[in-house]
Amino acid sequence: MDYSGLYKKLINTRKKLSRKSNNDGMLEKHHIIPKSLGGDNNKKNLILLTPREHYFAHWFLYKMNNGSKKAKMAYAFFRMCSNNPNQRR
Numbered sequence: 002m003d004y005s006g007l008y009k010k011l012i013n014t015r016k017k018l019s020r021k022s023n024n025d026g027m028l029e030k031h032h033i034i035p036k037s038l039g040g041d042n043n044k045k046n047l048i049l050l051t052p053r054e055h056y057f058a059h060w061f062l063y064k065m066n067n068g069s070k071k072a073k074m075a076y077a078f079f080r081m082c083s084n085n086p087n088q089r090r
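Numbering (our numbering) for the sequence shown: 2 to 90.
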């Protein structure tokens with residue numbers, strides 16, 4: 002399966018939606034290039050996703066990486082699936 006292609010498609014289609022607000026907590030900020038892989042908080046590296054889209058984005062990131070990058074993405078995915086009082090999912 003081409004997880005890298007799926008990730009790019011998800012990000013590119015959501016960029017076209019031009020979401021501007023978090024819709025009362027129903028959208029979540031996602032780093033297109035994760036901070037743990039060299040990304041930053043630059044506006045061009047952030048996108049708003051629904052919780053479901055955000056889940057799949059992290060699943061794709063986990064599946065498309067190897068070695069230490071995969072371990073970092075596994076940790077991020079695990080943290081995302083954990084309960085967090087700052088999230089409304």
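All residues carry an ideal CB built from backbone N, CA and C; glycine is no exception.
Remember, predicted model here, so these are calculated numbers, not experimental data.
Euclidean distance between Cα positions of residue i and residue j
i	j	result
Glu29	His55	7 Å
Ile33	Pro86	23 Å
Lys36	Lys44	13 Å
Sub-9 Å separation of residue i and residue j beta-carbons
i	j	result
Leu62	Ala77	yes
Leu1	Lys70	Because residue 1 is not part of the residues shown, which for the chain are 2 to 90, the question remains open.
Leu49	Arg80	no
Among the options, the one whose alpha carbon lies nearest that of residue i
i	options	result
Leu7	Asn46, Gly39, His59, Asn42	His59
Met2	Asp41, Ser83, Asn66	Asn66
Environment of residue i [buried if 16+ CB atoms lie within 10 Å]
i	result
Met74	buried
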